[in-house]
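Participant:
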Amino acid sequence: MNFDELKKAAEGLLQQHGDKVEMAVEKVGELAKERFGHEEQIDQGVQKIKDLIPDGNDGAGRG
Numbered sequence: 023m024n025f026d027e028l029k030k031a032a033e034g035l036l037q038q039h040g041d042k043v044e045m046a047v048e049k050v051g052e053l054a055k056e057r058f059g060h061e062e063q064i065d066q067g068v069q070k071i072k073d074l075i076p077d078g079n080d081g082a083g084r085g
């Protein structure tokens, strides 16, 4: 499997399961805030990641 095929497969899975990925990103963000503090920076990072997740309608990221 070459990189392009792997990328397409990952994009397809993200399109199908973006809601689960988003929930996981939120959970990891909360755990990071508990452990490391820096709440504002972590929240910004989580939001940037969530903006990249397709919304399931048109394949575009939210944001």
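Note that the working numbering has the sequence shown beginning at 23, numbered continuously upward. Even glycine gets a Cβ: it sits at the ideal position worked out from N, Cα and C.
For I71, I'd like the list of residues in its chain whose CB is within less than 7 Å of its CB, leaving aside the five on either flank, ordered along the chain.
Facilitator: Walking along the sequence shown from the start, residue 71 turns up at place 49. Taken in chain order, the residues that qualify are V47.
Participant: Taking just the CA atoms, how far does G34 sit from F25?
Facilitator: Within the sequence shown, numbered from 1, the residue matching residue 25 stands at position 3. Within the sequence shown, numbered from 1, the residue matching residue 34 stands at position 12. Spanning the two alpha carbons is a distance of roughly 14 Å.
Participant: Once DSSP output is grouped into helix, strand and coil, what is the label at D80?
Facilitator: Walking along the sequence shown from the start, residue 80 turns up at place 58. Because D80 carries a pLDDT of 43, less than 50, the predicted location of this residue cannot be relied on, and no value is offered for it.
Participant: The alpha helix (DSSP H) with G34 in it runs from where to where?
Facilitator: Locating residue 34 in the sequence shown gives position 12, where the first residue counts as 1. 25-58 is the extent of the alpha helix (DSSP H) around G34.
Participant: Note down the Cα distance separating H60 from I75, rounded to an integer number of angstroms.
Facilitator: Taking the sequence shown and counting its residues from 1, one reaches residue 60 at position 38. Taking the sequence shown and counting its residues from 1, one reaches residue 75 at position 53. Between H60 and I75, the C-alpha separation is close to 23 Å.
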